[in-house]
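Q: Numbering (UniProt numbering), first residue to last: 1 to 1059.
Glycine included, each C-beta is placed from N, C-alpha and C at the ideal position.
Just so you know, these numbers come straight off a predicted model, no measurement behind them.
Can you keep this structure in mind? I'll have questions shortly.
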């Protein structure tokens, strides 16, 4: 799955910065795979891996059914929303209201098709899973012309002459033998053979979606709930005394030509239900005999519709006793008795379905297919005639035929009927595949009705929720259906850990747009309150103000009610305070005060004065704030409103503390605590915000603010004054809980970072794991807030903790995160550079990642620093040839800075020395020495002279074989050693000079002079023997390669000294 951020109504790709945020989200997900594994499993696939840099999630399948389901979810657009719910934070859904942001998923169709074919070959058969209620296609009633004359074989068919016009009801599909039509000349409705008509492009004048008959049938179906009473019939036990009058009630009840709502219970009832409506019988046989007499009486009186319905009831009783042949005779008689056309479509549907089922049971394939065709034609026109059908096999036959004919409207109608049947049978799991398929076809068929499409999604979402698939259930909801919010709230705690997720914002926004404030002011008021609360708790007070201002400015608020309007104004004032607009808040509060009674004080005034004081305090008007606080306290005390009294005292005390009036602050805070301690059953402030919009919500937030300040002081106490790591962790975690209630993500991220460091300081395995958990949480917040520097430190810290925990496979993940800041990548490389293992991994960060960015951004200092580190690291790893390139780059960059240039020359000299290019090494060492300051300022500079001149002497003496020039370098090194006063260095240099003059230059006098000086230093250093024999096999490069030579140590010392 390839993920990409899109935005705008046209769903165009977002900019690179937004795509980079998605990459970092995937990096976080890569460290904790539990969420994505669960989601992929719910989508009927198996998780493999994540490539965060390419924004790709790799999945696989094990069965053909899994591929089909996953493809279905992809076509329905569920994948993107599922990934949004998994990856994005709660603020994303509020921001996306304006930006129309989202995640788009693309899959490799070719690879999926190859896997699909592979499974087909393995299983050896072709399997199609019709994954797919209430969906209606707007089929306009087209006209057809008959091509030849036809005489009906029964009352369910139409008779017509050639050239007559027939209105097509429902669908006319070439692959089906029959369709339902209405003869325009007479208005009769019945079955018409498909091959006997020719369709035209004309439509009937009364263009009703599915014909007036379908509306009538739907009305009749709706009336069923209110008309379910069937009269009781008495069965005479003495057959000899049977008279026609005893059956009069039944014949009158069943003789209606048109359908009656009461008949539906008879058509769809079980035999046991039928028996319960007959009195005075001892067994079922007596009822059959009674109905048989009634049938004969109806035949004699030519009450054909009563005879037909009695025959159907007899067929039901026989089928219930498994007497299928006898039942078939009764059903066929019920079909053929009426003399005119069938008008009771529900009876016709019940007869067709029962006959098809009996023929299927008796393995009469030809007859079964014939009646299945007739039933499908009827239900294509009037799907409400599904009453009485309980076996889906007939509809599966219809579906197969529609699929083979590639007729999408027919396939959609078949899926609709199957879904409706399974829902009627309370088999929701079996209905899901047909609803899914139906929704896919709805996108492909242009005549799909959009108004009912949301209801289909809502039914599907409910079924997903019942099957414990909450992520799919949420993805199935649609924003223009307000009922979807209930599903979101049901699964919110499980998916997001909150009671009210911000995913409800699009639904509320859509509902607010649909509701006219002038027509429904109460609903508009409620929507605005809910939306403003969501924006407020997620740190977007400006947008919260906008929603509340819009609804309050509208004239329709006059019908909301005075108390609700006042509460809304107080809530708006608090939003203005949170949005740093205390002046505007004061205007709103003044308006509230002016609306209150003038001559009598109310309890609400105490709340208003408290809020006025808060506004004045934010405006730095301490005098006015003090007066308002005193007024609030007096009013609350007068009405014994202890809660608001305590809150006013607490706010007043905190203000006194702010202006350094500590004694007053202590007095008011003490009184506040005493009042709070007397209160019982305190409700949580956020619960109040959700359930009630009263004047106490915002003041409780002020109380939380005071609690937060106190907690901060406690954290500072246990961190600096009385250090106690355990107490410090406890109070920081409490502070974190308070910040989560307020919704201050910025401070929450910093506190998480602080707690992580406190746990890390404990240096135990359990504490390190806790530190890692808090670091990950802070990382997610910094990514959401776009704080790049903090994010970089969090990535690096997580990598370090994994390094401490010796989970080396995850170190790379956290230190390889792609970021736009060089210092983060350089610091990531330092993790390995300063380590004793895996030091070569630092090269990737320095050379392949940080250095290209430094070059691109023209960051000279960063380039120099990285080139120096690369050249030294490669030198220590023995890759001297490659190191020279970066050392030369460092030299070119540092040409304007003597110190950096000297370091670069020294490092180049060291590298040439290691490569055996001794003349180049000598040249660069001398260039480095020429850049040293004169006179010398520090002892370290003299030490540098000693080491470099000695190194030059060693190179010239041992490698170049020039003892004369070597003696000159040793003399210069000795002079620097004497200036430094380093006896051990002087001992070594005097010994070396004595050796050269004795063995090479043949100067006995100088040889004796340096030997005596060497002996004097040896005595001081308690060294007994001095060897003057030259070691001609000695090579300086050998010692360097062993990492113990003077050149490497000189380079390292020089680098540390200069930098």
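1. Mapping DSSP to helix, strand and coil, what is residue 526?
2. By Cβ distance, which residues of its chain are closer than 6 Å to residue 359, with the 5 residues on each side in sequence left out?
3. Starting from residue 165, trace the beta strand (DSSP E) both ways and give me its first and last residue.
4. Short of 6 Å in beta carbon distance, which residues of its chain neighbour residue 314, apart from the five on each side in sequence? Order them along the chain.
5. How is residue 985 classed by DSSP in three states: helix, strand or coil?
6. Within 10 Å of its beta-carbon, does residue 555 have 16 or more other beta-carbons around it, so buried, or fewer, so exposed?
7. For residue 877, does the three-state DSSP call read helix, strand or coil?
8. Among all the DSSP beta bridges, which residues are the ones paired with residue 574?
9. Assuming residue 990 and residue 1004 form a contact by the criterion Cβ under 8 Å, report the distance between their Cβ atoms to the nearest whole angstrom.
10. For residue 794, which option in 775, 801 and 807 has the closest C-alpha, if you only look at C-alpha atoms?
11. Can you tell me whether DSSP reads residue 328 as helix, strand or coil?
12. Let's see if you can read the secondary structure: which residues bound the beta strand (DSSP E) around residue 561?
13. Please classify residue 37 as buried or exposed, where buried requires at least 16 neighbouring CB atoms within 10 angstroms.
14. Whose C-alpha, out of 425, 826, 420 and 436, is nearest the C-alpha of residue 851?
15. Under the assumption that residue 992 contacts residue 970 (Cβ atoms under 8 Å), give the Cβ distance between them as a whole number of angstroms.
16. Could you tell me which whole alpha helix (DSSP H) segments of length 4 or greater appear in the segment 284-342?
17. To which residues of the same chain is residue 952 closer than 7 Å at the C-beta, ignoring the five residues directly before and after it?
18. Could you give the first and the last residue of the continuous beta strand (DSSP E) run that contains residue 105?
19. Counting contacts by CB-CB distance shorter than 9 Å, is residue 534 in contact with chain B?
20. Kindly give me the distance between the Cβ atoms of residue 391 and residue 335, rounded to whole angstroms, as I take these residues to be in contact under 8 Å.
21. Using alpha carbons as the reference points, say which of 286, 767, 66 and 304 lies closest to residue 256.
22. Can you tell me whether residue 420 is buried or exposed? The criterion is at least 16 other CB atoms within 10 Å of its CB, across all chains shown.
23. How many angstroms separate the CA atom of residue 839 from the CA atom of residue 797?
24. Give me the DSSP bridge partner(s) of residue 197.
25. When you compare the CB positions of residue 199 and residue 142, do they come within less than 9 Å of one another, or not?
26. For residue 740, report the span of its beta strand (DSSP E) as first-last.
27. Taking the beta carbon of residue 689 as the centre, do at least 16 other beta carbons fall within 10 Å, making it buried, or is it exposed?
28. One question on the structure: do residue 636 and residue 625 come within less than 9 Å of each other, judged by their Cβ atoms?
29. Got a sec? Which residues, its chain only, sit under 7 Å from residue 833 by beta carbon, not counting five neighbours each side?
30. Out of 913, 859, 860 and 855, point me to the one whose CA is closest to residue 883's CA.
31. Just to check my reading of the structure: residue 394 and residue 423 have Cβ atoms closer than 8 Å, yes? What is that Cβ distance to the nearest angstrom?
32. I need the boundaries of the alpha helix (DSSP H) containing residue 29, first residue and last residue.
33. Taking 9 Å as the cut-off, decide whether the C-beta atoms of residue 534 and residue 487 are in contact.
34. Work out the CA separation of residue 544 and residue 167 for me, nearest whole Å.
35. Just confirm the distance between the C-beta atoms of residue 107 and residue 101, as a whole number of angstroms; I'd bet it's less than 8 Å.
36. Given that a residue counts as buried once 16 or more other Cβ atoms are within 10 Å of its Cβ, and exposed if not, what is residue 263?
A: Taking the definition as stated:
1. In the chain shown, counting from the first residue as 1, residue 526 sits at position 526. Three-state DSSP puts residue 526 in a helix.
2. Working through the chain shown from its first residue, we reach residue 359 at position 359. The answer, listed in chain order, is 367 and 368.
3. Position 165 of the chain shown, counting from 1, holds the residue named residue 165. First-last of the beta strand (DSSP E) with residue 165: 165-169.
4. On the chain shown, residue 314 is found 314 positions in, with the first residue counted as 1. 291 and 330.
5. Stepping through the chain shown from its first residue, residue 985 is reached at position 985. Of the three classes helix, strand and coil, the one that applies to residue 985 here is helix, per DSSP.
6. Within the chain shown, the letter at position 555 stands for residue 555. Residue confidence for residue 555 is low, a pLDDT of 47 falling below 50, so the modelled location carries little weight; the figure read from the coordinates is stated next. Under this definition residue 555 is an exposed residue.
7. Mapped onto the chain shown, residue 877 falls at position 877. Reduced to three states, the DSSP call for residue 877 is coil.
8. Here residue 574 is taken as the residue at index 574 of the chain shown, counted from 1. Note: residue 574 sits in no beta bridge, so no partner.
9. Numbered from 1 along the chain shown, position 990 holds the residue referred to as residue 990. Numbered from 1 along the chain shown, position 1004 holds the residue referred to as residue 1004. Rounded, the Cβ-Cβ distance is 16 Å, inconsistent with contact.
10. Taking the first residue of the chain shown as 1, we reach residue 794 at position 794. Minimum Cα distance to residue 794 is reached at 775.
11. To locate residue 328, count along the chain shown from 1; it is residue 328. Three-state result, residue 328: helix.
12. On the chain shown, residue 561 is found 561 positions in, with the first residue counted as 1. Element bounds for residue 561: n/a, residue is neither H nor E.
13. For this step, residue 37 is matched to residue 37 along the chain shown. Classification of residue 37: exposed, given that the 10 Å Cβ count is below 16.
14. In the chain shown, counting from the first residue as 1, residue 851 sits at position 851. Per the Cα distances, 826.
15. As a working note, residue 992 is residue 992 in the chain shown. As a working note, residue 970 is residue 970 in the chain shown. Correct: roughly 5 Å between the Cβ atoms.
16. 284-300, 304-320 and 324-336
17. By one-based count along the chain shown, residue 952 stands at place 952. So the list reads 922, 925 and 969, once near-sequence residues are dropped.
18. In the chain shown, residue 105 corresponds to position 105, counting from 1. It spans 102-106 - the beta strand (DSSP E) in which residue 105 sits, taken as one unbroken run.
19. Although the question refers to chain B, the structure presented lacks it and comprises just one protein chain.
20. The count along the chain shown starts at 1 and reaches residue 391 at position 391. The count along the chain shown starts at 1 and reaches residue 335 at position 335. Actually they are not in contact, since the Cβ atoms of residue 391 and residue 335 sit about 19 Å apart, beyond 8 Å.
21. What you label residue 256 is simply residue 256 of the chain shown in a count that begins at 1. Per the Cα distances, 304.
22. By 1-based counting over the chain shown, the position of residue 420 is 420. Buried, since its Cβ has 16 or more Cβ neighbours within 10 Å.
23. Within the chain shown, residue 839 is the residue found at index 839, counting from 1. Within the chain shown, residue 797 is the residue found at index 797, counting from 1. Distance between the alpha carbons of residue 839 and residue 797: 18 Å.
24. The residue you call residue 197 lines up with position 197 of the chain shown. Answer by DSSP bridge pairing, in chain order: 146.
25. Counting from one through the chain shown, the residue named residue 199 turns up at place 199. Counting from one through the chain shown, the residue named residue 142 turns up at place 142. Their beta carbons are under 9 Å apart, which means residue 199 touches residue 142 by this criterion.
26. Numbered from its first residue, the chain shown carries residue 740 at position 740. Careful: residue 740 lies outside any beta strand (DSSP E), inside the alpha helix (DSSP H) at 725-742.
27. Along the chain shown, read from residue 1 onward, the residue named residue 689 stands at position 689. With a pLDDT of 29 at residue 689, under the threshold of 50, the modelled position of that residue is not reliable, and the figure given next carries that caveat. With 16 or more Cβ atoms within 10 Å of its Cβ, residue 689 is classed as buried.
28. As a first step, residue 636 is located in the chain shown; it is residue number 636 there, counting from the start. As a first step, residue 625 is located in the chain shown; it is residue number 625 there, counting from the start. For residue 636 and residue 625, no; Cβs fall outside 9 Å.
29. Here the question's residue 833 lines up with position 833 in the chain shown. Excluding sequence neighbours, residue 833 sits near 839, 842, 869 and 873.
30. The residue labelled residue 883 in the question sits at position 883 within the chain shown. Looking at the Cα atoms, 913 is the closest of the given residues.
31. The sequence position of residue 394 within the chain shown is 394, counting from 1. The sequence position of residue 423 within the chain shown is 423, counting from 1. The pair is not a contact, with the Cβ atoms about 17 Å apart (cut-off 8 Å).
32. Residue numbering aside, residue 29 sits at position 29 when the chain shown is read from its first letter. 16-31 is the extent of the alpha helix (DSSP H) around residue 29.
33. Working through the chain shown from its first residue, we reach residue 534 at position 534. Working through the chain shown from its first residue, we reach residue 487 at position 487. No; because the gap between Cβ atoms is not below 9 Å, this pair is not in contact.
34. Walking along the chain shown from the start, residue 167 turns up at place 167. Walking along the chain shown from the start, residue 544 turns up at place 544. Each residue's alpha carbon lies about 56 Å from the other.
35. By 1-based counting over the chain shown, the position of residue 107 is 107. By 1-based counting over the chain shown, the position of residue 101 is 101. So it is not a contact: roughly 21 Å between Cβ atoms.
36. Locating residue 263 in the chain shown gives position 263, counting from the first residue. Residue 263 comes out buried.
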